[in-house]
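S.K.: So that we are looking at the same thing, I have put the structure below in structure tokens.
There are 2 protein chains.
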Amino acid sequence: MTKREEFIYNSLKLIHQKGFKATTIRDIANVMECDVANVYNYIDSKQGLLESHLFSINEEFHNNVDDILASGYDPKAKLEKLISLYVEITMERPLEASLLVNEWRHLKEPKQTKFINERNKYERKVKKLLQAGMGCGQFRDMDSALATNMFLSSMRWLFQKYTNNKSKINRFDLERELVNYVYNGIGVSV
Amino acid sequence: MTKREEFIYNSLKLIHQKGFKATTIRDIANVMECDVANVYNYIDSKQGLLESHLFSINEEFHNNVDDILASGYDPKAKLEKLISLYVEITMERPLEASLLVNEWRHLKEPKQTKFINERNKYERKVKKLLQAGMGCGQFRDMDSALATNMFLSSMRWLFQKYTNNKSKINRFDLERELVNYVYNGIGVSV
DNA sequence: TCATTGCATCAACATTTGTTGATGTAAATA
DNA sequence: TATTTACATCAACAAATGTTGATGCAATGA
Chain E
1 MTKREEFIYN SLKLIHQKGF KATTIRDIAN VMECDVANVY NYIDSKQGLL
51 ESHLFSINEE FHNNVDDILA SGYDPKAKLE KLISLYVEIT MERPLEASLL
101 VNEWRHLKEP KQTKFINERN KYERKVKKLL QAGMGCGQFR DMDSALATNM
151 FLSSMRWLFQ KYTNNKSKIN RFDLERELVN YVYNGIGVSV
Chain Z
191 MTKREEFIYN SLKLIHQKGF KATTIRDIAN VMECDVANVY NYIDSKQGLL
241 ESHLFSINEE FHNNVDDILA SGYDPKAKLE KLISLYVEIT MERPLEASLL
291 VNEWRHLKEP KQTKFINERN KYERKVKKLL QAGMGCGQFR DMDSALATNM
341 FLSSMRWLFQ KYTNNKSKIN RFDLERELVN YVYNGIGVSV
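Order-wise, the sequence lines are chains E and Z.
Letter by letter, the first sequence follows residues 1 to 190 of this note's numbering.
Letter by letter, the second sequence follows residues 191 to 380 of this note's numbering.
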């Protein structure tokens with residue numbers, strides 16, 4: 001691992017643990033065991049650090065989402081692909097993924113508005129997907145706004161909390177359990 | 191609304207919007223349209239403000255949880271009461287509730303450890319409840335750790351996001367939809 | 001060989017931010 | 001009336017924090 005990669009990893013880890021605002025340049029310098037000024041060999045500004053992390057993971061995520069939605073699958077299959085995508089990103093870029101949940105609030109304008117707009121757009125897509133599924137009888141009839149939020153919150157948990165327990169469960173088991181929960185809940189199937 | 195209540199409400203609102211770390215005493219003074227020093231007529235310190243808000247709502251929540259768990263209801267009924275409790279607290283103390291999700295990270299030791307311990311204890315109780323439900327055939331067989339996290343994340347969404355849209359949906363409709371989602375998912379019941 | 005690149009060092013500055021002390025004043029309470 | 005309570009004002013400080021500029025040095029690559 002080059003020093004630059006080490007820096008990226010450490011800064012991400014710190015921001016994930018303490019939050020962006022609570023993470024100081026001196027904190028980063030500290031875990032890197034280097035001088036404070038040295039941090040600026042890798043970044044332009046603290047804001048820039050947040051922005052690069054956030055928009056990098058955000059773009060990857062949204063691109064993949066669009067690929068899924070543009071595919072020929074039916075709504076149920078698309079939803080499963082979407083869940084699969086969440087699991088994949090969580091496994092591969094856990095620290096960055098967790099930032100998407102909380103730290104976007106510390107973006108400054110106009111980046112923050114940009115981020116929020118993209119997120120809203122994404123949430124509308126999910127809502128449409130759920131409505132499509134209801135329309136063709138694959139999902140039961142629900143308040144679609146509420147269902148969207150509940151689905152999204154079930155996924156957000158992954159991004160937010162699955163940074164620690166990485167090793168504990170197999171990726172495909174996790175995926176299957178998630179699909180099952182979203183699709184059947186915790187009740188016994190009759 | 192007395193000036194003190196106005197202060198509590200405004201400070202909560204700011205912390206909810208910007209996060210605790212990003213909310214400055216001067217921000218609070220600003221929305222109160224008063225001098226900076228004046229804020230200290232109501233608080234001892236910024237930390238103290240966070241602590242009082244967090245532990246107040248936390249205690250109320252946990253007390254109610256314990257009452258539910260100590261009751262004679264079966265697991266399914268207990269879970270429904272628990273969901274009902276989430277909705278109730280969300281409706282009555284939305285701003286404080288939202289703090290429980292994110293802002294506990296900014297507690298200082300030993301308060302933070304105390305908070306985390308209580309939360310862990312709570313999560314273990316939920317896990318036990320789910321296991322009990324599986325044991326008596328009310329819930330289907332699942333990885334109980336995973337199921338706990340998914341249930342909790344579905345509830346967390348309320349605390350985190352339901353501060354805006356208060357008026358849009360009836361409380362009991364919301365409750366019913368939540369129970370339905372947790373219990374049956376979004377799939378069609380066969 | 002020469003220039004570039006990656007990283008280190010040290011000192012310093014301007015802001016932001018939490019906090020305090022001393023004081024005033026008007027209303028509520030006893 | 002006397003006293004406490006609630007709130008306001010102003011000035012100021014110490015610490016934390018983001019950022020810069022100038023410089024050195026060793027390895028890489030042309």
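Glycine included, C-beta positions come from ideal geometry on N, C-alpha and C.
These numbers were taken from a predicted model, which means no experiment stands behind them.
1) Could you pull out every residue in the same chain whose Cβ sits closer than 7 Å to the Cβ of Cys-34/E, ignoring the five residues on either side in sequence?
2) Rounded to the nearest angstrom, how far is the Cβ of Leu-54/E from that of Glu-103/E, given a contact under 8 Å?
3) Please state the DSSP three-state secondary structure of Phe-172/E.
4) Assuming contact is defined by CB atoms lying nearer than 8 Å, are Glu-96/E and Ile-57/E in contact in what I supplied?
5) Which residues share a DSSP beta bridge with Gly-187/E?
6) Could you name the residues of the stretch 255 to 271 of chain Z whose beta carbon sits closer than 9 Å to any beta carbon of chain E, in the order they occur along the chain?
7) Count the other C-beta atoms from every protein chain shown that fall within 10 angstroms of the C-beta of Ser-261/Z, then say buried if there are 16 or more, exposed otherwise.
8) What's the call for Val-226/Z, buried or exposed, on a 16-neighbour Cβ count within 10 Å?
9) Locate the alpha helix (DSSP H) running through Gly-238/Z, then write down its first and last residues.
10) Could you check whether the Cβ of Met-142/E sits closer than 8 Å to any Cβ belonging to chain Z?
11) Report, in whole angstroms, the separation of the C-beta atoms of Gly-327/Z and Val-188/E, which I expect to be a contact under 8 Å.
12) Return the first residue and the last residue of the alpha helix (DSSP H) that Ile-416/Z is part of.
13) Hey, does Arg-26/E have any beta-carbon neighbour from chain Z nearer than 8 Å?
14) Do the stretch 75 to 86 of chain E and the stretch 107 to 122 of chain E meet, that is, are 3 or more Cβ pairs less than 8 Å apart?
15) Going by other Cβ atoms of all chains shown within 10 Å of its Cβ, with 16 needed for buried, is Ile-306/Z buried or exposed?
16) For Ser-344/Z, count neighbouring C-beta atoms within 10 Å of its own C-beta (all shown protein chains included) and say buried if the count is 16 or more, exposed if not.
17) Locate the alpha helix (DSSP H) running through Thr-338/Z, then write down its first and last residues.
18) What are the boundary residues of the alpha helix (DSSP H) that Asn-228/Z is part of?
19) Using 10 angstroms around the beta-carbon of Phe-172/E, count the other beta-carbons present and answer buried if the total reaches 16, otherwise exposed.
20) Strictly below 7 Å CB to CB, what residues from chain Z border Ser-154/E?
21) Is the beta carbon of Tyr-373/Z closer than 8 Å to that of Met-150/E?
22) Taking the straight line between their C-alpha atoms, what separation do you get for Gln-47/E and Leu-14/E?
23) Rounded to a whole number of angstroms, what is the C-alpha to C-alpha distance between Ala-212/Z and Lys-21/E?
24) Which residues of chain Z have a Cβ atom closer than 7 Å to the Cβ of Gly-185/E, listed in chain order?
M.R.: The relevant details are as follows:
1) none
2) 7 Å
3) helix
4) yes
5) Phe-329/Z
6) Lys-266, Leu-269
7) exposed
8) exposed
9) 236 to 260
10) yes
11) 7 Å
12) The first residue shown for chain Z is 191 and the last is 380, placing residue 416/Z beyond what the model contains.
13) no
14) no
15) exposed
16) buried
17) 334 to 351
18) From DSSP, Asn-228/Z is part of no alpha helix (DSSP H); its letter is neither H nor E.
19) exposed
20) Met-340, Ser-343, Ser-344
21) no
22) 15 Å
23) 7 Å
24) Tyr-371, Val-372, Tyr-373, Asn-374, Gly-375
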